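Novice: One structure is given below, represented as structure tokens, and several questions about it will come after.
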Amino acid sequence: MMMTHKQRILAASRKQPVDKLPFGARIDLWYNYNKVHGTLPEKYRGLDMVDILRDLGAGIRQRHEYIWKETFRNVEIVDSDAPPYRTTEYRTPKGNVTRKVVFTQEEGTVAAYETEHMFKSAEDYAPIEYLIENTVLTIDQDKYLKAVQRVGEDGLVHVRASQSPMQEVMRKFMGFERFFFELADHRSQVEHLYEVTKELVWKKLKILAESPTEHVQVDGNWSDDIHTPVFRKYFVPYFREAVDYVHSKGKVTMVHMDGEVRRLIPMFLETGIDMAEAFCPAPMTSVTTADLRKAWGDRVVVWGGMPAILFEPQYSDEEFDAYVRKLFKEIAPGNAFIVGMGDNVPFDGNIERVGRIVELIDECGQLPIKA
Amino acid sequence: MSATDNGFSYAPLIDSVLNQDDARLLELVKDALGKGVSPEDIVTSGLQPAMGIVGEKYSTGEFFVPDMLLASRAVSRALAVLKPRLSSAGVPSRGRVVIGTVFGDIHDVGKNLVTTMLEGTGFQVVDLGINIPVSGFVKAVEEHKPDILGMSALVTTTMVVMAEVIKALKEADLRSRVKVIVGGAPVTKHYADYIGADGYGANGGDAAKLCRELVGK
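Residue numbers (our numbering), protein chains in the order written: chain H, -14 to 356; chain Z, 449 to 665.
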């Protein structure tokens, strides 16, 4: 009997045999933008992403929000709105910190981007650490379970996860540039914040590992700017522990890796992480899928291989077909690979090309693929 | 790197930038000034070549992004000491670059790195910031008359604005007066050619090299 999309994706993610290349497509950026702007193709108006991907015959990779809610003990939170900005002040017994976000609907759904991080000076270490230590997590997974039921055998729903501890310090609390200056100037304080953050990240990881999700994301948004020496010192040890723990629960670990990762490729194998999701190859980055397979073989499962821009009008249908055919040759015989987007279909992408991938898999994606 | 007539060698100064050693760099700058080396020479023969090497080392994979950030910070601190002593003519500029992140996009790490590398290697940079509308770029080209306009975008939703800016520059009869370069995560050489840009840089080091080539200096 033919495998379902879900069975095929799960089998490949565990390096088990599959009948043909699994395909887990992510189209939320395309869908949300065009839905909000009223520009969905006529035949898809009134349908949701699941229906559209079913119509195209593609497997579904749906992203779901956190399955916990965060509240804080002994912290007063004061929001002040000046659209499109919102400033949030966290008043703690150890001092106050503020963060500012801008809301934008450029990508369809309303997204909040941080324009001012919580950490601005050394005075902010204490209140931020208080905030972290007094975070209360309440599990809330009803919506996730409904999403899983809706997708059914047609794909997988991935739950949003915390970033790894040092990534939280870098991206969430400090911002990229300030993080590296702080690490150079006040290393011990940064390391202390890292330890405090790690405790909370572990609590979140345990919730995910205990949940029904099959794939547990242990970090996201990787790119070379994480800086390899910092990665080896502060990221790898955490991943080793996290991977062992998630494996003990019988689950697969993954990282959302959609950036330029040439420098991180050799380090990946040190982490023990099972799957690199959203891998975005050349021409959007300098790494080809062939490079990645050469470096990793099938030791790491790759989910991706289709750069977002290939769906855009700047590439012809012929160029698109040629790219996909070449991709299949590069990954031959095709083990431990799930075709997917790096990391989405762009707002002006041709959605029919998602269906074209399905046709090409049926035509030349039966395993084992000949090189 | 050769020594000056005053017996000051630039090599240790350049090494201190490469080592991101602010304290040593400031010490050497003061030593150079004490030996009568002009502030202009310290910048053009010491700090700018050092940042050029930083960019090359990043492009070849020897340096990482934080190395660029910390080297640049050291140079900024040295420039703060030198600026009050520079002659009114200042340091000759390689050219003027107007730079910004396009409308709808508030990401600035890539743009800031390019700015850092351009300033460090002798360009005068007008940083427009983030979320810059098409009209903002056109107005800045009219006002600042740059040699180069640089645009950055992190997401596919916003990179299309780059094409709109190029179109608007043509309509305002400004396109032939300025070279346009583009960069950012989803941007490729293919896309740069597709929208009619003059160049594409994959990172800060590449962008600085590209600008030097475009202005012929």
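Backbone N, C-alpha and C fix where the C-beta goes; we use that ideal spot for every residue, glycine too.
Every value quoted in this text rests on a predicted model; they were computed, and no experiment measured them.
Compute the Euclidean distance between the alpha carbons of A522 of chain Z and V465 of chain Z, then round it to the nearest angstrom.
Specialist: Position 74 of the second sequence, counted from the start, is the residue given in the question as residue 522 of chain Z. Position 17 of the second sequence, counted from the start, is the residue given in the question as residue 465 of chain Z. Using only the alpha carbons, I get a separation of about 6 angstroms.
Novice: Which residues in the same chain have their Cβ closer than 6 angstroms to the Cβ of V562 of chain Z, if we skip the five residues on either side of it in sequence?
Specialist: Residue 562 of chain Z sits at position 114 when you count from the first residue of the second sequence. Closer than 6 angstroms at the Cβ level, and outside the excluded window around V562 of chain Z, lie G652 and A655.
Novice: By the criterion of Cβ-Cβ separation under 9 angstroms, what are the contact partners of M269 of chain H in chain A?
Specialist: No chain A is part of this structure, whose protein chains are labelled H and Z.
Novice: Have a look at D204 of chain H and D243 of chain H and give me their C-alpha separation to the nearest angstrom.
Specialist: As a first step, residue 204 of chain H must be located in the first sequence, where it is residue number 219. As a first step, residue 243 of chain H must be located in the first sequence, where it is residue number 258. Straight-line Cα distance between these residues: approximately 12 angstroms.
Novice: With three or more C-beta pairs closer than 8 angstroms as the rule, is the region 149 to 160 of chain H touching the region 208 to 227 of chain H?
Specialist: Counting Cβ pairs under 8 angstroms, three or more are found: they touch.
Novice: Quick one: Cα of R145 of chain H to Cα of T120 of chain H, how far?
Specialist: Counted from its first residue, the first sequence places residue 145 of chain H at position 160. Counted from its first residue, the first sequence places residue 120 of chain H at position 135. So the alpha carbons of these two residues sit roughly 18 angstroms apart.
Novice: Report the CB separation of L352 of chain H from K5 of chain H in whole angstroms; it is logged as a contact under 8 angstroms.
Specialist: Looking up residue 352 of chain H in the first sequence gives position 367. Looking up residue 5 of chain H in the first sequence gives position 20. Right, the Cβ-Cβ distance comes to about 6 angstroms (below 8 angstroms), so this counts as a contact.
Novice: Would you kindly check if the distance between the Cβ of T83 of chain H and the Cβ of D100 of chain H is under 8 angstroms?
Specialist: Residue mapping note: residue 100 of chain H aligns to position 115 of the first sequence, counting from 1. Residue mapping note: residue 83 of chain H aligns to position 98 of the first sequence, counting from 1. Strictly speaking, residue 100 of chain H in this sequence is Thr, with Asp absent from that position. No.
Novice: Is DSSP giving E99 of chain H helix, strand or coil here?
Specialist: Residue 99 of chain H sits at position 114 when you count from the first residue of the first sequence. In the structure shown, E99 of chain H sits in a strand (DSSP, three-state: E or B).
Novice: Secondary structure at K593 of chain Z, three-state DSSP: helix, strand or coil?
Specialist: Position 145 of the second sequence holds residue 593 of chain Z. Residue state, collapsed to three classes: coil.
Novice: So, does the CB of P514 of chain Z fall closer than 8 angstroms to a CB anywhere in chain H?
Specialist: Position 66 of the second sequence, counted from the first residue, corresponds to residue 514 of chain Z. Closer than 8 angstroms to some Cβ of chain H, the Cβ of P514 of chain Z qualifies, so yes.
Novice: Look up M599 of chain Z in the DSSP assignment and give the residues it is bridged to.
Specialist: Here residue 599 of chain Z refers to the residue found at position 151 of the second sequence. Z:G548 and Z:V630, per the DSSP bridge assignment.
Novice: How many whole angstroms separate the CB atoms of D646 of chain Z and L662 of chain Z, which I take to be in contact at a CB cut-off of 8 angstroms?
Specialist: For the purposes of this step, residue 646 of chain Z is taken as the residue at position 198 of the second sequence. For the purposes of this step, residue 662 of chain Z is taken as the residue at position 214 of the second sequence. Indeed they touch by this definition, with Cβ atoms about 7 angstroms apart.
Novice: Would you decide whether V63 of chain H is buried or exposed? Buried here means 16 or more other CB atoms lie within 10 Å of its CB.
Specialist: Counted from its first residue, the first sequence places residue 63 of chain H at position 78. Flag for V63 of chain H reads exposed.
Novice: What are the boundary residues of the beta strand (DSSP E) that includes E262 of chain H?
Specialist: Counted from its first residue, the first sequence places residue 262 of chain H at position 277. M260 to F264 is the extent of the beta strand (DSSP E) around E262 of chain H.
Novice: Near I490 of chain Z, which residues of its chain fall below 7 angstroms by C-beta distance, leaving aside the five closest residues on each side in sequence?
Specialist: Residue numbering aside, residue 490 of chain Z sits at position 42 when the second sequence is read from its first letter. These residues qualify, in order along the chain: V477, A480 and L530.
Novice: Just to confirm, is the Cβ distance from T604 of chain Z to P634 of chain Z under 8 angstroms?
Specialist: For the purposes of this step, residue 604 of chain Z is identified with residue 156 of the second sequence, where counting begins at 1. For the purposes of this step, residue 634 of chain Z is identified with residue 186 of the second sequence, where counting begins at 1. Contact: yes.
Novice: Taking only the alpha-carbon atoms, compute the straight-line gap between L254 of chain H and Y223 of chain H and give it to the nearest angstrom.
Specialist: Taking the first sequence and counting its residues from 1, one reaches residue 254 of chain H at position 269. Taking the first sequence and counting its residues from 1, one reaches residue 223 of chain H at position 238. Taking the straight line from one Cα to the other gives about 14 angstroms.
Novice: What residues of chain Z sit near T89 of chain H, judged by a beta carbon separation below 8 angstroms?
Specialist: Along the first sequence, read from residue 1 onward, the residue named residue 89 of chain H stands at position 104. Near T89 of chain H (Cβ distances below 8 angstroms), the residues of chain Z are G552 and I554.
Novice: Once the 5 residues before and after T182 of chain H are set aside, which same chain residues still bring their CB inside 7 angstroms of it?
Specialist: If you number the first sequence from 1, residue 182 of chain H lands on position 197. Once the five neighbours on either side are set aside, the close Cβ partners of T182 of chain H are I117, P150, E153 and V154.
Novice: For the beta strand (DSSP E) containing K85 of chain H, list its first residue and its last residue.
Specialist: Along the first sequence, one-based indexing puts residue 85 of chain H at 100. Counting along the chain, the beta strand (DSSP E) containing K85 of chain H begins and ends at G80 to T89.
Novice: So what does DSSP say about M449 of chain Z, is it helix, strand or coil?
Specialist: The residue you call residue 449 of chain Z lines up with position 1 of the second sequence. Interpretation of M449 of chain Z is limited by its pLDDT of 49, a score under 50 that renders its predicted location unreliable; no figure is taken from the coordinates.
Novice: Here's the rule I'm using: 16 or more other beta-carbon atoms within 10 Å means buried, otherwise exposed. How should L345 of chain H be labelled?
Specialist: As a working note, residue 345 of chain H is residue 360 in the first sequence. Label assigned to L345 of chain H: buried.
Novice: Compare the C-beta of Q1 of chain H with all C-beta atoms of chain Z and state if any pair is closer than 8 angstroms.
Specialist: Walking along the first sequence from the start, residue 1 of chain H turns up at place 16. Answer no: the Cβ-Cβ gap between Q1 of chain H and chain Z never drops below 8 angstroms.
Novice: Chain H partners of L428 of chain Z, CB-CB under 8 angstroms?
Specialist: Residue 428 of chain Z cannot be examined here, being either before or after the span of chain Z that is shown, 449 to 665.
Novice: Hey, does L527 of chain Z have any beta-carbon neighbour from chain H nearer than 8 angstroms?
Specialist: For the purposes of this step, residue 527 of chain Z is taken as residue 79 along the second sequence, with counting starting at 1. Not an interface residue.
Novice: Got a sec? Which residues, its chain only, sit under 7 angstroms from R58 of chain H by beta carbon, not counting five neighbours each side?
Specialist: Within the first sequence, the letter at position 73 stands for residue 58 of chain H. Cβ within range, chain order: N119 and V121.
Novice: Looking at C-alpha atoms only, which residue of H:E162, H:D333, H:F165 and H:Q174 is the closest neighbour of E114 of chain H?
Specialist: Residue numbering aside, residue 114 of chain H sits at position 129 when the first sequence is read from its first letter. For the residues H:E162, H:D333, H:F165 and H:Q174, the minimum Cα distance to E114 of chain H belongs to H:Q174.
Novice: I'd like the span of the beta strand (DSSP E) that includes E55 of chain H, first residue to last.
Specialist: To locate residue 55 of chain H, count along the first sequence from 1; it is residue 70. Looking at the DSSP string, the run of the beta strand (DSSP E) that includes E55 of chain H is W53 to F57.
Novice: Excluding five sequence neighbours on each side, which residues of the same chain lie with their C-beta closer than 8 angstroms to the C-beta of I37 of chain H?
Specialist: Taking the first sequence and counting its residues from 1, the one referred to as residue 37 of chain H is at position 52. I12, Y16, Y29 and I336, listed in sequence order.
Novice: Which residues share a DSSP beta bridge with K5 of chain H?
Specialist: For the purposes of this step, residue 5 of chain H is identified with residue 20 of the first sequence, where counting begins at 1. H:Q351, per the DSSP bridge assignment.
Novice: Closer than 7 angstroms, Cβ to Cβ, to anything on chain H: give me those residues from the region 453 to 473 of chain Z, in chain order.
Specialist: The region 453 to 473 of chain Z vs chain H, Cβ under 7 angstroms: nothing.
Novice: By Cβ distance, which residues of its chain are closer than 7 angstroms to A194 of chain H, with the 5 residues on each side in sequence left out?
Specialist: As a first step, residue 194 of chain H must be located in the first sequence, where it is residue number 209. Counting only Cβ-Cβ distances below 7 angstroms, and skipping sequence neighbours, we find V201, Y230, V231, K234 and K236.
Novice: Our contact map puts R413 of chain Z next to R660 of chain Z with C-beta atoms below 8 angstroms; I'd like the distance itself, whole angstroms only.
Specialist: Past the boundaries of the shown model lies residue 413 of chain Z; chain Z is included only from 449 to 665, so the question cannot be answered.
Novice: Enumerate, from N- to C-terminal direction, the unbroken beta strand (DSSP E) stretches of 3 or more residues contained entirely within the region 214 to 249 of chain H.
Specialist: Counting only runs of 3 or more, we get 237 to 241.
Novice: Considering Q148 of chain H, what are the terminal residues of the beta strand (DSSP E) in which it resides?
Specialist: Counting from one through the first sequence, the residue named residue 148 of chain H turns up at place 163. Looking at the DSSP string, Q148 of chain H is not in any beta strand (DSSP E), and its letter there is neither H nor E.
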